[in-house]
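Note sheet for the following structure.
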Amino acid sequence: MAKEDMLMVNARDLKKLHVMRKVEEGSLKQSEAAELLRISERQIRRIAKRFKEEGAAGIPHKLRGVESVRSYSAELKARVKVIYQ
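In terms of my numbering, the sequence shown opens at residue 4 and continues consecutively.
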């Protein structure tokens with residue numbers, strides 16, 4: 004299995020996936036899904052759109068695993084560690 008085919012999800016994303024499948028089937032309203040997931044109806048609409056376009060891959064946040072732009076460089080961290088010791 005290629006790395007692109009793997010989808011890492013946590014328990015919250017699994018719940019979101021389950022709820023979004025119910026919304027897609029029509030057995031759950033978007034407003035009810037928003038209450039279950041404790042997010043706004045607007046977020047539900049955005050997630051539903053992504054779910055429809057991308058499938059299960061649209062559930063996790065797109066920035067998961069991406070290093071923060073506010074993080075310090077590895078070089079700076081190493082220099083600080085040397086100074087601290």
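In this text, a Cβ means the ideal position worked out from N, Cα and C, and glycines have one as well.
Between R24 and R82, the alpha-carbon positions lie close to 49 Å from each other.
Counting every other CB atom within 10 Å of its CB across the protein chains shown gives L20 a total of 16 or more, marking it as buried.
With respect to the C-alpha of R15, the residue from H64, S43, R53 having the closest C-alpha is H64.
Across the structure, Q33 and V69 are spaced so that their CA atoms are roughly 30 Å apart.
Secondary structure note for Q46: its alpha helix (DSSP H) is the uninterrupted segment 44 to 57. In the structure shown, the three-state DSSP call for V26 is helix. With a contact defined as Cβ atoms closer than 8 Å, V85 and A51 miss out at about 50 Å. Around the beta carbon of V22, 16 or more other beta carbons lie within 10 angstroms, which makes this residue buried.
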